[in-house]
Amino acid sequence: MHQDRRRFLKAVGVSAVALASCSLGAPLGAGATSPEMRRIGIVGSGRVGGALGTVWVNVGHEVMFSSRHIENDRALAARLGRGARAGSPREATAFGEVVMISVPYHALPDVGKELGDLLEGKVVIDTCNPFVHRDGEIANWAREKGAGLASAELLPGARIVRAFNAVGYARMGAAHEEPGRFGMPIASDDEEAVAIVSPLIRDIGYEPVLIGGLESGRHLMPATPLAGERTPDEIRRIAATLQ
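Under mature numbering (1 follows the signal peptide of the UniProt record, and there is no 0), residues -26 to -1, 1 to 217 are what the sequence shown spells out, in order.
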């Protein structure tokens, strides 16, 4: 147990290094940013988690950052000021109405073990991508199964929305400068979770485009046809051709 916990805490300190990291293309309340401010817990406040969390704090959400480097999280929270705070992964998960998980894919089994009781019934944004060169055998399994379905198996009970998987963190941190110009493809089996997460995606600066259920999450990765920044209409056209 202690070894699992040490491995887990080490893993959540590294954000997914990846770029990233309903009916097809149905409108998701077009144009609406967050109707209310949310409490967001971030597990893995590296490049992706730090970039997105910073934008959410600046919009007015309350965000708790967590990683194995609590001193870095505290420094980030102090720099961002009101609305930002730092804590452990368990504290961040308990804090968030919405939890974003942004860790290397090989860490997800430990996330499920360490945080599973707190993730039950929570809306979870899954930014994690499986890379064989980094994550090893679990990446082969996740790619064969499909990353969305694999994440759901590793995080049972979580209400997963797969998003922020195929665009670089630097671009995601700057997307609010051109709100709505580009779309963000997402995949989920949970309509209510999509409704909760969609305004948060707009707050980052993207128009969410639901491409399908979690089975479609296999298409939300770098080096796929949906990778990179594309307009919402381009995403819909490409998604319609995918099997």
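Where is the CB? At the ideal position from N, CA and C, for every residue including glycine.
Per the Cβ contact rule, the region 135 to 142 is in contact with the region 98 to 106 (3 or more Cβ pairs under 8 Å).
Distance from the CA of Leu216 to the CA of Val183, rounded to the nearest whole angstrom, comes to 14 Å.
About 14 Å separates the CB atoms of Arg204 and Gly142; that is not less than 8 Å, and the two are not in contact.
With a 10 Å radius around the Cβ and a threshold of 16 neighbouring Cβ atoms, Arg59 comes out buried.
Distance from the CA atom of Leu54 to the CA atom of Thr28, rounded to whole angstroms, is 7 Å. Proximity to Gly131 across Val168, Gly90, Ile170 peaks at Gly90, based on C-alpha coordinates. By the 16-neighbour rule on beta-carbons within 10 angstroms, Pro199 is exposed. Beta-bridge partners assigned by DSSP to Glu36: Arg13. Rounded to the nearest angstrom, the gap between the Cα atoms of Glu71 and Ile14 is 6 Å.
Linking Arg211 to Ile185 through their CA atoms gives a straight-line distance of about 10 Å. The secondary-structure analysis by DSSP pairs Ala60 across a beta bridge with Phe39. Where Asp109 is concerned, the enclosing alpha helix (DSSP H) starts and stops at 106 to 109. When DSSP states are grouped into helix, strand and coil, Glu71 belongs to the coil group. Ile160 is bridged by DSSP to Leu184.
Just so you know, the alpha carbons of Arg21 and Ile160 end up roughly 20 Å apart.
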